[in-house]
Each structure stands twice: as structure tokens, then as C-alpha cells.
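Residue numbers (this note's numbering), protein chains in the order written: chain A, 1 to 326; chain B, 1 to 378; chain C, 1 to 449; chain D, 1 to 476.
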């Protein structure tokens with residue numbers, strides 16, 4: 001077993017799926033010779049040739065639109081949008097076709113497509129390079145919206161996404177791309193889409209998060225344990241859609257308190273949906289109002305202020321204490 | 001440091017074989033077998049008559065909005081006639097004639113226009129129903145289907161097949177980004193795609209002149225390193241000849257082509273549209289004189305392939321076919337009343353939360369039915 | 001730059017002491033090596049020398065304070081680096097500073113030319129003979145066990161310290177030194193902060209309920225004694241063997257040579273003979289000259305005979321050790337013992353002299369005691385107690401099986417043994433050897449090795 | 001990376017993947033640490049593999065062959081003049097480098113060490129910024145600084161790629177065989193590269209500022225080499241410095257100053273080998289607590305800790321002899337200390353080997369420094385003319401000597417000149433490290449006839465039981 005960064009783990013997933021299945025094609029801007037601007041597709045072109053690791057012209061809509069055609073034709077395209085902030089240029093293709101062709105054709109056409117895109121802040125980038133807009137896709141029927149939080153689950157989720165018969169939007173937390181390494185087995189691993197994982201058990205509080213926010217969330221849980229003796233149950237959603245609302249509600253039934261953490265803007269964000277589900281399914285178990293620790297309802301500021309925007313350990317601890325003291 | 005003309009690999013040709021009187025340019029006449037000539041005629045008439053039938057159903061409130069094809073029969077059928085069953089057909093939303101040619105059933109069209117999604121899966125019975133899917137469903141967002149055609153073309157090339165893809169779009173679509181991106185990608189990857197533009201002169205209310213400053217639409221292909229040709233879109237022989245050339249090119253691995261069929265939308269954009277607001281009747285009258293069907297009929301008669309008697313028999317048969325299709329469709333609609341169908345075909349497997357929502361609707365529907373029955377009882 | 005001076009590790013598991021006196025005042029200029037404090041530790045009173053040359057800036061302790069290794073005792077200003085012990089438990093900032101200072105020191109030592117550096121590595125400053133010869137593996141072991149190579153007596157050729165030397169040296173301190181795991185990161189040593197005498201001792205009632213009480217702190221030697229005894233008692237299953245020694249002949253011999261020895265500066269006490277006799281017995285019964293290593297499941301048989309002698313002082317019982325008893329003459333022993341006892345009472349004995357014993361003798365005779373049950377000086381295997389000899393009637397078997405009663409000078413002796421290592425029968429045999437030697441001085445000199 | 005700054009956390013960051021760096025990284029990984037290794041090259045190996053030990057020894061192997069081929073004429077074997085294929089030589093040398101570097105890549109990968117190409121600059125005592133890299137920042141708990149050193153240029157003359165004025169790296173690239181080569185400096189690089197170029201046919205001139213060559217070694221060990229080199233080189237100018245140097249299109253004009261007949265001379269190429277400088281500047285050390293001495297070396301203690309508690313330093317940048325094997329040991333020490341093991345760099349004999357013909361090697365206490373410091377030592381010399389093995393390979397000018405503590409008989413240092421001393425010196429290293437006495441060395445049986453006997457017999461001179469030489473003192 002080797003330790004890998006998320007970049008290497010995703011690369012491993014791509015490589016192995018490409019080896020196993022010649023229907024799997026990687027395409028996007030700079031994914032071939034350059035290996036992707038984050039090196040996620042590094043050296044795939046050497047292993048599989050430019051027909052499998054395809055450099056495309058610069059057009060997001062065409063990358064996704066062409067991938068839809070490829071998927072309908074029977075291939076398993078994995079297209080990369082260089083930054084999720086540019087995925088809106090292909091939004092109509094995702095919304096109007098990827099999400100709908102199965103329905104429109106009444107099951108005659110399938111779109112087994114994965115759209116990979118790095119998302120989120122914390123890497124000091126320019127405008128449009130730090131957004132967290134998973135809600136757009138989670139809000140769209142017909143799509144699956146997946147966000148891993150570490151190398152190991154990124155690899156397993158991506159393998160599942162590639163094999164899934166439905167279109168999957170796969171957001172990669174770029175702040176976590178190389179932030180830490182984990183043991184990732186060479187042997188195949190998958191994780192079911194739509195299922196969360198309980199990262200740690202606890203009885204006092206449920207903290208729900210995903211993606212890049214898992215790190216500050218876990219740090220906060222650790223600090224709460226050390227300073228306040230609070231045992232937090234931490235849930236890593238992994239999929240925003242389908243949402244594992246059952247796991248969230250079940251945990252809150254045990255703890256009675258919940259904090260939801262995401263870096264996406266607050267209003268109409270995933271936290272709103274999660275909180276509603278908890279409320280619907282475990283209202284009578286709640287001891288305190290559900291707290292959301294999220295980005296503000298502004299565009300993520302240019303990077304000198306992004307730390308102030310992004311939820312961090314302290315903000316999570318504050319929210320947790322408020323919930324605990326109610 | 002000269003300033004000189006750059007020689008481009010392609011120039012734009014214009015092709016016309018039958019004039020508006022149905023007179024033939026013998027030299028350009030394509031070699032089409034007789035049964036194909038008749039089949040073409042039959043589908044052109046079917047397209048026109050079905051259009052009329054649909055309009056009538058819509059006007060009666062038995063069906064919803066649809067986009068008529070009248071006037072564009074030659075442009076659609078002359079092109080699609082070149083495809084083999086294993087070739088791919090990627091339509092926009094005004095290619096009913098071509099869709100029928102590709103095997104879509106009449107009742108499927110009626111059902112979808114009547115608001116029943118499951119109509120899309122109603123296929124012709126017999127052998128054709130078992131063929132693998134090579135026809136895409138209609139795409140309403142203008143021009144977006146072009147990219148799918150490119151992706152399919154890429155796949156054909158990747159699998160080293162001899163198949164080709166033909167995609168249809170209108171003059172308005174050439175203003176869309178997806179058209180340009182698609183042409184560009186197809187050019188870059190040399191995908192076996194035939195781009196058929198039905199320049200019917202009107203994008204709803206905006207005339208062709210206001211879509212683009214280009215003299216032709218075909219010339220846009222040149223920008224992407226793709227050959228483009230403009231043809232008389234109401235001359236089925238010209239369309240056929242141009243499509244034959246393009247399909248051969250694609251099939252032999254020489255990449256994509258674009259065909260601009262200059263034609264005319266004889267009717268409204270959709271049944272929800274009133275063209276009198278933006279165009280003159282005189283223009284329509286002028287184009288009526290160039291009707292593709294009558295022109296072609298004259299050619300066939302001149303060629304002794306068709307007789308008045310045969311025309312009448314054919315029209316009667318088509319009328320019967322349409323009638324029985326409407327009947328079958330309306331029968332089916334009764335079975336399709338279940339609103340829960342909306343939860344079908346969203347995902348390969350229905351997720352739990354959707355199941356819950358479906359159940360909620362089922363309960364609601366049940367209650368509504370019970371209430372209605374109670375009311376009746378009183 | 002102000003420099004703190006901390007109580008250095010005095011070795012042998014000593015980690016606290018009581019300040020007896022402060023020999024300097026604020027503002028004094030002190031040279032490296034000058035005594036600055038007198039500290040009484042568990043083992044002895046020691047003078048603590050200054051590691052720096054500089055001025056005393058602040059004195060942080062006063063007589064009577066209990067101080068622990070690592071405590072800051074005083075600070076110096078303008079201190080020049082002398083041979084400073086590695087800093088311990090300093091607050092992070094200071095530690096950093098000190099490290100930097102250390103690095104500076106290193107730099108001064110560091111080479112100018114690569115090859116010169118190599119040469120200097122061979123001879124650290126101020127040391128004529130260069131590094132202690134030892135193999136790299138031995139040096140690694142020494143670091144692991146926290147042993148200073150210079151403190152170890154080498155047994156290899158050319159003065160080479162072997163791995164066995166290191167282990168033996170480390171063993172000596174065992175039992176008194178809390179076992180320490182290799183510390184994480186760079187923390188070299190962490191001493192326990194609190195030192196309750198007996199941690200599991202139940203809570204005491206409020207004695208003042210029944211009358212007036214005075215609370216006197218238990219310090220240094222008393223405290224050490226308390227701990228040591230409790231440890232020995234709790235760890236060692238004691239068995240006693242008692243007997244009488246007919247001292248008549250020896251006493252005559254002693255009286256005869258007493259003056260002569262006194263003239264040479266010694267005191268020919270009964271203990272001197274007991275030392276010699278004990279060494280003889282220890283040689284014949286090596287398991288009494290051992291220690292039990294419970295952790296290793298081993299018996300450590302020592303091949304040297306260093307015997308401790310319990311000496312009563314005002315502060316409590318102290319056990320200085322006489323080395324290599326087997327190799328010393330009666331005369332040498334009597335001179336050494338009287339000197340040692342004198343210095344012990346005057347608290348001038350140093351720590352080193354109280355370490356490394358293999359067996360202990362405690363003679364309560366001079367105070368007129370009879371039988372008693374001494375507690376073994378952990379981690380030794382046995383202790384010999386001697387009472388006061390007095391004239392007693394004894395039935396003696398004369399020739400031809402006739403018995404008669406005669407007045408003899410008889411001394412009660414008790415041997416406490418560690419039953420884990422030796423048995424009662426062993427004790428009887430040990431006692432037999434010891435008694436035979438004591439009863440017959442000639443025999444003693446013959447059996448002496 | 002085109003946009004933004006990706007940062008990464010690691011337990012141990014090793015900066016520099018040369019011998020010190022990769023030794024530290026490998027040991028740390030074996031001890032279970034999460035290790036990231038940054039280097040400007042894309043493969044580990046550092047100066048040693050790419051521009052130092054390895055390529056030079058590859059070329060010296062050929063030089064030895066060429067010299068030997070000439071030498072044996074005297075013994076009755078005559079080879080025809082060798083044909084040199086410079087391209088193939090260069091390729092072969094690069095193949096050697098490739099093979100070793102690739103081996104290190106595999107070893108790194110198997111150990112789970114993350115390798116990142118880039119240049120690291122400290123931003124704080126627990127973070128570096130990377131230049132020319134996919135990763136922008138690395139946060140670390142501990143760092144091992146192993147940035148090495150670089151060739152010191154002459155004042156105002158920098159080394160340009162492709163210039164006629166070369167540093168050792170440039171010379172190892174073997175651009176051509178210059179007809180006239182000037183070597184500035186009298187250290188081992190000068191001697192070794194001079195040997196290579198002389199063997200390939202260059203006329204070599206050496207200019208050295210001091211009155212002797214290889215100042216790091218005892219003069220008696222260097223003497224046979226100087227004799228040999230005086231025959232091999234065209235000129236060795238002692239007490240001579242370069243006053244000026246000007247590169248022209250087809251040659252270099254040099255003005256020499258000192259004990260040299262002709263001041264103005266012309267050469268096709270010049271190799272400047274006047275020492276190395278530590279790579280400690282421009283890497284942001286000022287943002288850490290690390291202290292650097294006035295010669296640029298990072299100050300470390302015996303545990304290779306710098307003045308900054310998070311940062312360790314090993315290899316050339318930490319000073320001491322600039323030798324790969326010293327760095328290897330230091331790297332391991334640093335890794336072990338970081339892991340909390342009781343490790344220290346307390347070696348007593350760092351061997352040095354000069355791969356000339358004759359080869360010179362030494363370790364431990366040098367006679368010259370002991371005398372300078374007025375230490376009481378005993379020195380025994382065993383000239384190789386008494387060695388049977390030396391006679392059979394025609395290297396009777398060799399010498400083996402031991403520096404011994406007269407009281408204990410302990411072996412304090414060993415020096416050897418001759419042939420295969422690279423192997424012979426290791427016995428000396430072991431003796432010094434083990435604290436062996438001369439008897440230990442002398443009474444260990446050395447196979448006969450071998451050159452290793454010279455070490456045993458030298459020890460026996462001291463003991464007084466020598467066979468092939470007269471004892472120094474009466475037998476004990």
C-alpha cells in the first residue's frame with residue numbers, strides 16, 4: 001500500500017479504470033500532454049495514448065456536450081472542467097441533456113458521464129477559481145453530485161462514479177489535492193454513491209460536512225473533545241446528491257444537536273436542505289436549533305480575504321458551543 | 001513582407017439540380033434507384049400530411065404545441081435518405097419527416113406532442129424495434145445537439161467503425177456557441193459528422209439576414225477547416241447529391257462536412273406562434289411556388305416513375321396510416337394517465353428520497369380519486 | 001546575557017535535594033568551578049560548583065528549600081559558556097535561545113578547514129586524552145541508557161569501554177532510577193514533579209483531634225531512608241537466619257593489635273573483621289553478591305565485593321560503601337572504615353562513595369543491641385546485622401566427649417536474605433562460613449582471597 | 001499549476017535529495033514517518049550522482065585503464081594506441097548515472113516517500129514555498145536541510161554553460177578533449193579531473209596557490225602522487241594564482257602570478273576547482289531560527305539539530321568534510337533523532353579517498369594535525385616496497401601508515417597511498433571506530449599476498465612482531 005495525495009489517488013483511479021475498460025476516456029483542457037493543470041491526469045497519455053487522454057480545444061460546453069455524445073454512443077467519458085467556476089459555460093449541456101437524456105429517451109439512451117472539476121477556496125487563486133457551487137448540480141434532477149474529502153475516498157468514489165450508469169458531477173476539493181497523504185491500496189476500492197460515512201462516533205453533537213471542510217471540521221471536533229470534553233459524531237457526506245439524509249437524521253436522533261459545515265454560500269446551500277431533512281425526520285429529538293457554518297452569501301472574495309470567508313476550525317467550534325449551550 | 005490572398009482549402013459551391021418548375025439539369029442528376037425515388041416521395045408526402053394532421057389535432061385541443069415542417073421535406077429527407085440504419089441521426093426539433101424516415105412511429109410523435117414522455121419509447125414493431133438505438137431524441141435548446149453528434153462521431157472513430165453521424169439544425173442555431181464549438185471540435189478530431197443546416201429563413205421572428213452578416217451559412221464551415229456547400233433545399237435531388245458527397249466523405253474517414261439547405265418554413269415556428277406578426281404573406285406565397293413536393297412530383301412523372309393514379313393511391317394509404325396512428329395514440333393516452341410516470345427514467349435506479357416523493361404523490365392521487373368518487377356518489 | 005543555572009543531574013537516581021546553604025550573594029563574581037551552593041541530597045551533602053564564570057544576578061533558593069533536578073537555582077549575568085550541562089525543561093523560548101548558544105559554541109569549536117575539523121573531532125577542547133575509546137555500537141548503547149562514557153570504568157584493551165561495561169554501569173543505578181522510555185523528540189529527560197514518600201499510603205486521620213501535634217517535614221536522608229525501606233520491604237520477601245559468634249579469640253586478637261593499628265590511623269573495630277569475613281562468605285556464596293533483575297528475569301552476579309556499612313548520623317542512617325573489600329588488608333580496611341565513618345558523620349562523604357554496594361553490614365553492637373531484623377538494602381540480596389557481644393556461659397565440647405561450661409565472648413548475628421534468590425539453607429551455609437571466619441582469625445586469614 | 005497555490009502537509013520535509021537528503025528520507029520512512037523530499041532535479045541523487053562522485057569515478061575508471069595500458073609496457077605487454085569515442089564515453093557515463101538515479105527513484109517509491117521537484121524557500125520555521133513546482137507550499141513538522149554545496153567560482157568569473165571556463169560539473173560533461181587544459185586549484189577534484197583529461201590526451205597545467213597539493217592529506221602520503229603527476233601533467237605551478245582570465249572564441253587567455261616562468265598563457269579550456277560553497281543563501285533561512293556561520297555553513301549540534309528546533313541540517317550545508325558518506329551517516333542520525341531515538345553523529349573517522357594513481361586514502365587522526373597540536377603519538381610506516389603484492393602489481397611507491405596512541409596502543413588514524421586504497425582504508429575506519437589497539441589489527445590475519453597485509457604489518461611494527469620489516473621496538 002502506498003501513501004498518496006488526492007491527486008495521485010485520483011490518477012490511480014483513472015488509470016485503473018482505463019486499464020480495465022476501454023470505454024473509459026479522459027478528456028478536457030490540458031489533460032493530455034500536460035497531465036492536467038493539477039497533474040491529476042499525469043502520464044495517462046503515455047500509458048493510453050492521445051485517444052484515451054484527450055486534449056480538447058478550449059470550450060467547456062463542447063467538452064461536456066461531446067462527452068454526452070460519447071456516453072450515448074456507449075463510451076464512459078470522464079471529462080475535466082479545469083475549474084468548477086467554468087462549469088457554468090457547460091451548464092446547459094449538463095442540465096438540458098446529461099441530466100435528461102435518459103428521461104427524454106425513456107431509458108433508451110444512457111449518459112454514463114463523469115464531469116470532474118476542482119472546486120473550493122483556500123489556494124490563493126484568482127476570481128472564478130475558488131467557487132463552491134455544488135448546490136446548482138445537487139438541485140438538478142437526474143444528476144449525482146459527489147465530493148470526496150481525502151485521497152482514499154476520492155479514489156473509491158471516482159471508481160464508483162465512472163461505473164455508475166448516470167451522470168455524476170465529481171467535485172474535487174483542490175485545497176486538499178496535495179494537502180495530505182493517505183494509504184491508498186493498489187487493489188480496487190469503491191464506495192457507494194449516495195452514502196455518507198461516519199468519520200467518528202460521538203454522543204453529544206452531530207457535525208455534518210464534506211469535501212475540503214472536513215479538515216477544519218475534524219480539527220474542531222478534536223478541539224471540542226480536548227477542551228470541552230464534547231464527543232462529536234462527524235459525518236462526511238461524500239455525496240451531496242443523492243443525500244444520505246437517513247444517516248444525518250439517525251445521528252441527530254442520538255445526539256440531539258447538529259452543526260452543518262460547508263464553504264458554499266449559506267442561502268439555499270446544501271446546509272439548508274440537510275437541516276430541513278433533519279428537522280423533518282428527527283424534529284422531536286432535537287435539543288437545540290441546527291446551526292450552519294457556511295460561506296457568506298457573497299462571492300468568495302479575492303484571495304487576500306478568502307480565509308475570512310471560509311469556515312475554519314474556530315468558527316465551527318463557536319457554532320458547536322452555541323448549539324451545545326442551548 | 002507581402003500582403004496577399006491566403007488560399008483556403010475550400011470554396012463554397014451552390015448546387016441546384018431541379019429548378020422550381022421541376023426542370024432537370026441532366027448533368028447533375030444523381031443516380032438514385034427507382035424504389036428510393038418513390039420512398040423519398042412517399043415520406044415527403046407523409047411528412048406534409050402528418051404535419052397537417054398534427055396541426056388539426058392541436059387546433060382541436062387533442063394535442064399540444066409542435067413545430068411543423070411543411071416546406072422543408074426535401075431538405076430533411078434528401079439528406080437523411082443517405083443514412084444506413086447503423087449510422088447515427090441527431091435531430092433538433094423540426095425534423096419530424098426525417099425522424100419518421102429513421103423509423104420513429106407516428107403515434108410516438110403524437111404521444112410526445114400530446115404531453116406523454118413515454119411516447120418516446122414507443123417504437124415501431126417488428127425488426128426495426130430490435131435495432132440498437134442510433135437515433136437521438138429531439139433536442140429543444142437550439143444547437144445543443146450538435147455537440148452530441150460530434151461526441152458520437154468521436155466514438156465511431158474511436159471504435160474504428162464506418163458509420164457516420166448526421167445532425168440537423170436551423171439557421172438560428174448557427175448563432176449559438178454550441179454550433180461553433182461543435183464544428184470546431186469536429187474539425188479538430190475529423191469526426192465523421194454531416195452537419196445539415198436547414199436554412200428556413202426564420203428563427204421564430206428573426207430573419208436569416210439578422211442572424212448573421214455572412215453571405216452564406218455554409219461558409220461558416222470554412223472557418224473550422226470543414227468543407228461547406230449551399231444547396232437548394234427545396235430540391236430533393238440537390239440535397240441528396242450534396243448529402244451523398246458528405247456522407248461518403250465522412251464514411252471514408254475524410255472528416256466532417258456542412259450542408260446548408262436553403263429552404264423555407266411554410267408554417268409557423270410552433271403552433272403557439274403567429275407569423276403574420278413579423279412576415280408578409282407575399283413572401284410565403286413566393287416560396288409556395290417553389291414547393292419541394294410538387295417540383296419532385298413533376299420530375300418523377302417526367303421520369304415515368306409516378307402517375308396521377310399512383311399519387312392518389314399513395315395519399316389515400318398515407319391518410320389511412322395517419323388515422324390509425326391517431327387512433328392508436330389516443331388509445332394509449334388512456335393508459336398513460338398515471339402521474340407517477342414522472343418518476344421513471346430519471347436515474348438508472350430510483351433513489352430512496354425519490355421513492356418517498358413518489359409514494360407521497362401516489363397517496364395524494366389516491367385521495368384525490370377517492371374524493372372525486374365520493375363527490376360523484378353524492 | 002542572563003543564564004539560568006539549574007540543579008544538574010547528580011547521578012545515581014538522585015533527583016532532589018535540600019539547600020543547606022547558599023555560598024554566594026547577588027552581585028558576586030564567580031568563576032567556573034567555584035562552589036555556589038551546598039545541597040543535601042538523598043545520599044549526601046554536596047557542594048555544587050558553578051558551571052559559568054560571571055556575576056550572580058538572582059538567587060532563587062534559600063536554605064531549607066527542597067529543590068529538584070532542573071530547577072533554576074540562580075541566574076548569572078554576562079556568563080561565559082563553561083561546560084554546561086544540556087538544558088532541560090526550559091521554557092520553549094529559552095530552550096531555543098540556549099540551543100542557539102550551544103550552536104554558537106559548536107561553531108567556535110567547528111572547523112575552519114574540513115580536515116582540521118576532523119582532527120578536532122578527535123580531540124574535543126580541554127581534554128587531553130580525547131574521546132573515550134568505544135565502538136560505535138557501544139556508544140549508541142551508552143546514549144540509549146543515558147550513560148556518560150567518561151564515567152564508566154573501561155575493561156577493554158587500550159582503555160576501551162565495552163558494551164558490558166556500559167550495561168554494568170547502568171545496572172548500578174537501577175532500582176533507584178525510574179525506568180525511562182526513550183523520550184519522544186528531543187526532550188532528554190523528564191523528572192517526575194511530585195515525590196510523595198509512598199503514593200498508595202492511605203489518608204491519615206487528623207491527629208490533632210486527640211492532642212497537640214507538630215508537623216515536621218521529612219527531608220533528605222530521612223525521606224530517602226523511608227522510601228528505600230518501603231521499597232525493600234515491599235519488594236523483597238525477607239527471611240532471617242540468626243546465630244551466635246564466639247568472638248573470644250577474635251577479641252583477644254583485636255585487643256592485641258588495636259593500638260598498633262590506631263598508630264597507623266585506623267580503628268580495629270569488630271566491623272573491620274566482619275567486612276573481611278563477609279567478603280570471604282560472599283566469594284564462596286556468589287548468589288549473596290547479586291541483584292535480581294525482575295524485568296529481565298535475570299540474576300546479576302557481581303564480580304566485585306563492595307560492602308556497605310550502615311552509619312548512624314544526626315539526619316539518619318547513611319550507608320557508605322567500601323570498595324573491593326576482598327582485595328584490602330585488615331589494616332587498610334580499618335583505616336578506610338574509620339575515615340569513612342568519620343566523614344559520613346561529618347557529612348563529607350560524596351555521592352560516589354555511597355554507590356555500588358553489593359552487600360551491607362549493620363552493626364548495632366556499639367549501641368548495645370541484641371538480635372534484630374535488618375531490612376535488606378535494595379537491590380542487594382542480603383544484609384548482616386551484628387549485635388553487642390557479651391560474656392556468656394557456653395557449653396563447650398572438649399576432647400573425649402566431655403562437656404563443660406566456659407565463659408565466652410558471644411555476639412548475636414542476623415542475616416536477612418532475599419528469599420527470591422536464596423533459601424534458608426543457603427543462608428545457613430553463608431552464616432557458617434562467616435561465623436567460622438570470625439571465630440577463628442587464623443582461619444579467616446587462610447580463607448581470605 | 002496554473003492557478004492558485006496548493007499547499008501540503010507533511011511530517012518530515014527533506015530539502016535536497018542528495019546523499020544526505022535521501023539517506024534521511026529513507027531512514028525516516030523506514031521508521032514510519034510521512035516523508036516528502038524536494039529537489040530541483042526530478043530524481044534523487046544530488047551532486048554526488050549527477051555531477052560528482054559517480055560520473056567522475058566512471059571517467060577515472062577509464063583513465064586508470066588507459067594509464068595501466070601504458071604502464072604495463074614495461075612489463076612486456078604492449079597495447080596499440082587506444083581509440084577514444086567521446087560520444088560513447090559520455091553516453092556510458094550517463095547510463096551509469098541513469099541507472100543509479102532510477103534505482104533511487106524506485107527505492108523512494110517503494111518506501112512511500114513523496115518526491116516533489118522544485119526549489120524550496122523557507123517562509124517560517126514550519127513552512128516552505130516552492131518555486132517551479134506543482135505544489136506551492138509545504139507545511140512540515142520537521143525539516144531536514146540537505147541542500148548541499150556548489151563549486152566556488154573565481155572572483156568575477158562565473159561558470160556559464162558551454163563556456164571554456166568550467167567548474168567540475170562542466171568538466172564532467174566532457175564537452176571535448178582540450179589540447180591545453182589549465183586546472184586552477186590543488187584539491188582532489190583538480191587531481192582527479194587532471195588525471196582523466198591527461199589520460200584522454202590533454203596537456204594539463206595545474207596552478208595552485210599553496211606550496212603543495214591535497215592539503216587535506218599528510219605530505220608523505222601525497223608525495224608519490226606528486227611525483228607521478230609531475231610526469232603526467234605538463235606543469236604544476238605551486239604558489240601561483242590566477243591574476244586574470246579572459247575567454248575568447250577559441251581559447252582562454254590567462255595571466256598567472258607567482259612561481260611561474262611564463263605569466264601569460266593560453267589554454268583551450270580552464271577548470272576552476274578551488275573549493276565549494278554551502279547552498280545556504282537565498283533559501284529563506286532568515287525566516288527561521290537557523291543560524292549560519294560566517295562561511296555560510298549551517299550550525300548544527302551532534303544530533304544535527306540547528307538552532308531552530310524544527311529544522312535539522314545534514315551533508316555539505318552543515319559543514320565538515322564535504323563528502324557523501326559523511327552526509328549518509330548524518331542523514332540517518334537526523335532521521336533517528338527526529339524519531340526520538342538516541343542517535344548522534346559521533347564518528348571518529350571519516351575516511352577520504354582520492355581516486356588518482358596512486359590512490360590516496362586516510363581516516364581518523366592525521367599525523368600532521370597531531371604534530372601541529374603537539375599530541376603525543378607514535379607513527380608507524382610500512383613502505384610498500386616490502387609488500388609482495390605491491391611488487392606483483394608494480395606499485396612499490398605505496399605507503400601505509402598508522403597513527404597510534406603510544407600509551408594504550410590505540411589506532412587513532414590511518415593513511416594509505418598506493419593502489420586500491422579505497423578498500424584498504426575501511427579496515428582503518430573500523431579500527432579507529434572500534435577503539436582497536438595495534439595488536440587487534442596486527443594479530444588479525446590478513447590474507448597473503450594482498451595489499452591489506454600492509455595495514456596488518458604496519459600495526460605489527462608497533463607491536464614489535466613484524467615479519468617483512470624490522471620491528472620498531474624490541475619485541476614484547
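Glycine is no exception: its CB is placed at the ideal position from the N, C-alpha and C atoms.
Between the CA atoms of residue j and residue i - distance to the nearest angstrom
i: residue 152 of chain A; j: residue 138 of chain B; result: 41 angstroms
i: residue 275 of chain C; j: residue 283 of chain C; result: 12 angstroms
i: residue 166 of chain C; j: residue 375 of chain C; result: 29 angstroms
i: residue 190 of chain D; j: residue 102 of chain D; result: 29 angstroms
i: residue 192 of chain C; j: residue 70 of chain C; result: Low local confidence applies: a pLDDT of 43 at residue 192 of chain C is under 50, so the model's placement there is unreliable, with the coordinate-based value given in what follows. The alpha-carbon atoms of residue 192 of chain C and residue 70 of chain C are separated by roughly 11 angstroms.
i: residue 221 of chain D; j: residue 57 of chain D; result: 21 angstroms
i: residue 433 of chain D; j: residue 204 of chain D; result: 39 angstroms
i: residue 446 of chain D; j: residue 461 of chain D; result: 15 angstroms
Own chain, CB closer than 6 angstroms to residue i, minus 5 neighbours either side, in chain order
i: residue 238 of chain C; result: 416
Same chain, Cβ closer than 8 angstroms to residue i, neighbours up to 5 away in sequence not counted
i: residue 445 of chain C; result: none
i: residue 247 of chain A; result: 195, 196, 198, 235
i: residue 147 of chain B; result: 178, 181, 182, 185
Proximity test, Cβ basis, 7 angstroms: residue i and chain D
i: residue 2 of chain A; result: yes
i: residue 144 of chain C; result: yes
Chain F within 7 angstroms of residue i, Cβ atoms only
i: residue 223 of chain B; result: In the structure shown, chain F does not exist; the protein chains are A, B, C and D.
Identity of the residues DSSP links to residue i by a beta bridge
i: residue 127 of chain D; result: D/124, D/139
i: residue 246 of chain D; result: D/253
i: residue 66 of chain C; result: C/18
i: residue 3 of chain C; result: C/76
i: residue 352 of chain D; result: D/362
Test: residue i CB closer than 7 angstroms to a CB of chain C
i: residue 525 of chain D; result: Nothing about residue 525 of chain D can be reported from this structure: the residues present for chain D run from 1 to 476 only.
i: residue 437 of chain D; result: yes
Min CB distance residue i to chain A below 7 angstroms
i: residue 147 of chain B; result: yes
Chain B contact for residue i (CB, 7 angstroms cutoff)
i: residue 16 of chain A; result: no
i: residue 107 of chain A; result: yes
i: residue 406 of chain A; result: Absent from the model: residue 406 of chain A. The displayed extent of chain A is 1 to 326, so no value can be given.
What are the residues of the stretch 158–181 of chain A that lie near chain D, defined by any Cβ-Cβ distance shorter than 8 angstroms? If the cut-off is 8 angstroms between Cβ atoms, the stretch 158–181 of chain A has 174, 175, 177, 178, 179, 180, 181 near chain D.
Residues within the stretch 171–187 of chain B neighbouring chain A, beta-carbon criterion of under 8 angstroms: Here the close residues are 177, 178, 181, 182, 184, 185.
Against chain C, which members of the stretch 336–349 of chain D pass a CB distance test of less than 8 angstroms? So the list reads 337, 338, 340, 341, 342, 343, 344, 346, 347, 348, given in the order they occur along the chain.
Identify each residue in the stretch 76–102 of chain A for which the Cβ-Cβ distance to at least one residue of chain B is less than 8 angstroms, and report them in chain order. Per Cβ criterion, the list reads 77, 92, 93, 96, 97, 101, 102.
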